[in-house]
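Enquirer: Protein chains in written order, with my numbering: chain A, 6 to 118; chain B, 203 to 313. Ideal Cβ positions, reconstructed from N, Cα and C, are used throughout, including at glycine.
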Amino acid sequence: KAGVTQTPRYLIKTRGQQVTLSCSPISGHRSVSWYQQTPGQGLQFLFEYFSETQRNKGNFPGRFSGRQFSNSRSEMNVSTLELGDSALYLCASSFGWGKETQYFGPGTRLLVL
Amino acid sequence: GENVEQHPSTLSVQEGDSAVIKCTYSDSASNYFPWYKQELGKRPQLIIDIRSNVGEKKDQRIAVTLNKTAKHFSLHITETQPEDSAVYFCAASIEGTALIFGKGTTLSVSS
Chain A
6 KAGVTQTPRY LIKTRGQQVT LSCSPISGHR SVSWYQQTPG QGLQFLFEYF SETQRNKGNF
66 PGRFSGRQFS NSRSEMNVST LELGDSALYL CASSFGWGKE TQYFGPGTRL LVL
Chain B
203 GENVEQHPST LSVQEGDSAV IKCTYSDSAS NYFPWYKQEL GKRPQLIIDI RSNVGEKKDQ
263 RIAVTLNKTA KHFSLHITET QPEDSAVYFC AASIEGTALI FGKGTTLSVS S
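1. Which residues of chain A have a Cβ atom closer than 8 Å to the Cβ of Asp251/B, listed in chain order?
2. Check whether the Cβ of Phe109/A lies closer than 7 Å to any Cβ atom in chain B.
3. Shorter than 7 Å from the beta carbon of Phe50/A to some beta carbon of chain B?
4. By DSSP's criteria, Asn76/A is part of a beta bridge. Which residues make up the other side?
5. Helix, strand or coil for Leu48/A, going by three-state DSSP, please let me know.
6. Tell me the start and end of each unbroken beta strand (DSSP E) in the stretch 205-260 of chain B that is at least 3 residues and wholly inside, in chain order.
7. Relative to the alpha-carbon of Gly243/B, which residue among Phe100/A, His34/A, Tyr94/A and Thr106/A has its alpha-carbon at the smallest distance?
8. Determine the DSSP secondary structure at Gly89/A, reduced to helix, strand or coil.
9. Do you know how far the Cα of Leu309/B is from the Cα of Thr113/A?
10. Can you tell me the Cβ-Cβ gap for His278/B and Ala265/B, rounded? I've got them flagged as a contact below 8 Å.
11. Name the two residues that bound the continuous beta strand (DSSP E) containing Ala293/B.
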């Protein structure tokens with residue numbers, strides 16, 4: 006089975022712009038979670054989608070949003086980018102949700118100038 | 203909500219020594235505890251996990267122990283090798299909720 010894929014792998018944006026990141030889960034997986042990884046802060050949970058519904062949401066401002074499509078692919082959007090949004094954005098997929106093992110994608114490295 | 207504390211933040215050992223990383227969690231309802239290893243420039247990968255109905259689990263040189271009363275769990279790596287050098291993350295979750303990660307431990311194994 007192909008692993009979790011994310012596009013694009015690298016992005017450079019300027020403050021105030023918006024960005025959309027994409028995640029394709031492992032075939033058959035219906036849950037996608039998104040994390041922000043920054044040095045010293047570890048992996049911070051953004052949100053989780055299962056069957057096109059947001060099931061859990063982390064403590065991030067409303068500028069961060071996401072959605073999931075019927076084929077389980079997921080996108081996250083960040084509007085009005087700030088310098089502090091520079092990070093590695095990881096998505097992870099699992100078959101179900103809750104106690105299921107999560108498999109991570111390679112991440113999208115976002116740099117905001 | 204759940205909060206996970208991880209210690210130490212950095213750990214240096216000699217090849218062949220053992221390494222122990224400890225995590226504490228705040229919500230006694232948490233019942234799933236995975237550990238992930240992230241090598242430089244790569245994605246996090248699950249190395250071992252434990253559920254609340256088990257006190258210990260081993261997989262070759264890696265073991266995880268869980269103390270539900272004290273609300274802490276630990277990763278033990280024996281006979282460390284240079285390829286064990288990486289960042290290790292613990293996490294905790296309650297069924298149906300998100301995985302909450304610790305801030306990571308950078309393990310360096312010198313030969």
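Expert: This is what the structure holds:
1. Thr106
2. yes
3. yes
4. Its beta-bridge partners do not exist; DSSP assigns none.
5. strand
6. 206-209, 212-216, 221-227, 234-240 and 247-253
7. Tyr94/A
8. helix
9. 24 Å
10. 4 Å
11. Ala288 to Ala294
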